[in-house]
Amino acid sequence: MWRLLAATVGFLTQQASAHGGAANYTVGDIWYPGYDPYAGSWQDTDPTIPQRKWITNEPIFETTNHSLACNFPGTPARASIPFPAGSNISAMYNTWVHTVGPMIAWMTHCTNDDCATFDPVASNADWFKIGEKGLLEGDILTGSWFQKEFSRWDGSPSVWTERVPESLRPGAYLIRHEIVSLHSEHRPQFYPECLQVRVTGQGNAFPGKEYMAKIPGVWSMDQPEINMNPYDPETGSKTEYKIPGPPVWTG
Ligand SMILES: [Cu+2]
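Numbered per mature numbering (1 follows the signal peptide of the UniProt record, and there is no 0), the sequence shown spans residues -18 to -1, 1 to 233.
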């Protein structure tokens, strides 16, 4: 009896902490560290960390929460990744346990071309999508979401790769990786992290208004794709899922 109870409690504890986020990154062959939410505030002044600060891998539940932009507290990092436009950005996650919902990679230009002083919420920043991954095959409840398929269970990192358009105007930007998990009935979970980059290249393009969204703002409990119950037979059996928000800007 006690043994059974202990095993059950262990299982529940593991479930409760079974969240995560973008742990580190690669651009080409170069690896960059993330901010480890559990390693302490010495990282705040570490000149080698380009990811903005976050202090818990718990999800954000509210579509209006300011922390949706760059997690909490989302304060600037000391480093920015040198980033040739046209390159891939890969975000690495430790074993990801959720299986339902989309993943979206966003960018925003830092005001005054300076990410060190940039607050995307106070600046009412415009964000644009550079890539997104949703339902690849099958139905909403049991099908192959990228979120399900990208997770490696052997201890190796789960990798999510998107490309930054080659035509993007150089400058200081945030790249925001966001996983939206929809496995709880009408209780979406948001897992965002922001990375500071300095884009280089010959490009001169910048997305127009039709590609832009506010964060928070882009998600709403009025959207059936966000406020969803995948266990509802009618919803769960659908084989199409349209990721809300503006179209992806491909340059
Ligand atoms: Cu979780």
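For each residue, glycine too, the CB sits at the ideal point set by N, CA and C.
Check                                                                                                                                                             : Outcome
For Q129, I'd like the list of residues in its chain whose CB is within less than 8 Å of its CB, leaving aside the five on either flank, ordered along the chain. : W78, H80, T81, V82, G83, P84, M85, K115, I161, S163
Nearest-angstrom Cα distance between F24 and C52?                                                                                                                 : Note that residue 24 is Trp in the sequence shown, not Phe. Approximately 19 Å, taken between the alpha carbons.
Does S202 come out as helix, strand or coil in the three-state DSSP assignment?                                                                                   : coil
Hey, how far is the Cα of H168 from the Cα of A104?                                                                                                               : 29 Å
How would you write the range of the beta strand (DSSP E) that E40 sits in, first residue to last?                                                                : It is not in any beta strand (DSSP E) - E40 carries neither H nor E in the DSSP assignment.
With DSSP as the reference, label G125 as helix, strand or coil.                                                                                                  : coil
Need the endpoints of the alpha helix (DSSP H) that P215 sits in, please.                                                                                         : 215 to 218
K191 by DSSP, collapsed to three states: which one?                                                                                                               : helix
Run the CB neighbour count on P138, radius 10 Å, all protein chains shown included, and call it buried at 16 or more, exposed below.                              : What sits at residue 138 in the sequence shown is Ser, not Pro. Exposed, since its Cβ has fewer than 16 Cβ neighbours within 10 Å.
Taking M203 and W109 to be in contact with their CB atoms under 8 Å, please state how far apart those CB atoms are, rounded to whole angstroms.                   : No, M203 and W109 are not in contact; Cβ-Cβ is about 19 Å, not under 8 Å.
Specify, as a first and last residue, the run of the beta strand (DSSP E) that L117 falls within.                                                                 : 117 to 119
Can we count H165 as close to ligand 1, meaning its CB is less than 6 Å from some heavy atom?                                                                     : no
May I ask whether a heavy atom of ligand 1 can be found less than 6 Å away from the beta carbon of H1?                                                            : yes
Taking the straight line between their C-alpha atoms, what separation do you get for V179 and S166?                                                               : 34 Å
Can you give the Cα-Cα distance for Y17 and P32, rounded to whole angstroms?                                                                                      : 8 Å
Name the two residues that bound the continuous beta strand (DSSP E) containing L150.                                                                             : Looking at the DSSP string, L150 is not in any beta strand (DSSP E), and its letter there is neither H nor E.
If you scan the segment 77 to 105 from start to end, which runs of the beta strand (DSSP E) of 3 or more residues do you find wholly inside it?                   : 85 to 91
Who are the Cβ neighbours of L(-15) in its own chain at under 6 Å, not counting the five residues just before and after it?                                       : Bear in mind that the predicted position of L(-15) carries a pLDDT of just 44, short of 50, making it too unreliable to give a figure here.
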